[in-house]
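Enquirer:
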Amino acid sequence: MTNLFDTIFLVAASVDGILDQDGRSVIAHAFYNGYVKVKLDYIKTHGEAVALGSLLQIIIEREPSAVYRKEIEDYHAKIGLPLTLKELGLDTDEELDELSNYISKSNDSRVQSVFPGLEAHIVREALEEIRG
Numbered sequence: 001m002t003n004l005f006d007t008i009f010l011v012a013a014s015v016d017g018i019l020d021q022d023g024r025s026v027i028a029h030a031f032y033n034g035y036v037k038v039k040l041d042y043i044k045t046h047g048e049a050v051a052l053g054s055l056l057q058i059i060i061e062r063e064p065s066a067v068y069r070k071e072i073e074d075y076h077a078k079i080g081l082p083l084t085l086k087e088l089g090l091d092t093d094e095e096l097d098e099l100s101n102y103i104s105k106s107n108d109s110r111v112q113s114v115f116p117g118l119e120a121h122i123v124r125e126a127l128e129e130i131r132g
């Protein structure tokens, strides 16, 4: 059981460690929060959704974080984490629109402090890259 807890802790810490220093996993967690609101019968765990959200954050950040995208995708594939929205059961335009609007809410001080002025269309474009 100790190994299980150690593994969970290390994987969770590694997600924060590979994301941008200033923003850590702000988009990744906003993605999870939006996911459970959009997909009321959500089918994946917090960790799986945040892992895909970390990939979304890398896409939104573009440069210089984009250099890590392939590394993250390879790691996710290696350990069986989702690489697409389809794997999380998100596949309609309506779901993606709702998720984009949720992540880019102007009153979300955590997201807006790291990504000032983030707009839904930017999030939507990034979501399309991982749609699947």
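Going by full-length UniProt numbering, the letters in the sequence shown line up with residues 1 to 132, in that order.
Ideal Cβ positions, reconstructed from N, Cα and C, are used throughout, including at glycine.
Quick check on Ala-66: buried or exposed, where buried means 16 or more other Cβ atoms within 10 Å of its Cβ?
Expert: Counting from 1 along the sequence shown, the entry for residue 66 is found at position 66. It is exposed - the Cβ of Ala-66 has fewer than 16 other Cβ atoms within 10 Å.
Enquirer: I need the straight-line Cα distance from residue 133 to His-121, nearest angstrom please.
Expert: Only positions 1 to 132 of the chain appear in this structure, which leaves residue 133 out of reach.
Enquirer: Would you check if there are 3 or more beta carbon pairs closer than 8 Å linking the region 51-59 to the region 31-40?
Expert: yes
Enquirer: Please state the DSSP three-state secondary structure of Arg-110.
Expert: Your numbering for residue 110 matches position 110 in the sequence shown. Note: Arg-110 maps to helix in three-state DSSP.
Enquirer: In the DSSP assignment, find the alpha helix (DSSP H) that holds Glu-125 and state where it starts and stops.
Expert: The residue given as residue 125 occupies position 125 in the sequence shown. Start and end: 120-129.
Enquirer: Which residue wins for smallest C-alpha separation from Leu-96, given the options Lys-44, Val-26, Leu-83, Ile-130?
Expert: Counting from one through the sequence shown, the residue named residue 96 turns up at place 96. Among Lys-44, Val-26, Leu-83, Ile-130, the Cα nearest to that of Leu-96 belongs to Ile-130.
Enquirer: Can you name, in chain order, every residue of its own chain whose Cβ lies under 6 Å from the Cβ of Ser-113, other than the five neighbours on each side?
Expert: Counted from its first residue, the sequence shown places residue 113 at position 113. Contacts found: none.
Enquirer: Which residue wins for smallest C-alpha separation from Ile-79, given the options Ser-109, Gly-47, Thr-92, Ile-59?
Expert: Residue numbering aside, residue 79 sits at position 79 when the sequence shown is read from its first letter. Considering only alpha carbons, the answer is Gly-47.
Enquirer: Assuming Leu-99 contacts Leu-118 (C-beta within less than 8 Å), just tell me the rounded distance between them.
Expert: Against the sequence shown, residue 99 aligns to sequence position 99. Against the sequence shown, residue 118 aligns to sequence position 118. Actually they are not in contact, since the Cβ atoms of Leu-99 and Leu-118 sit about 13 Å apart, beyond 8 Å.
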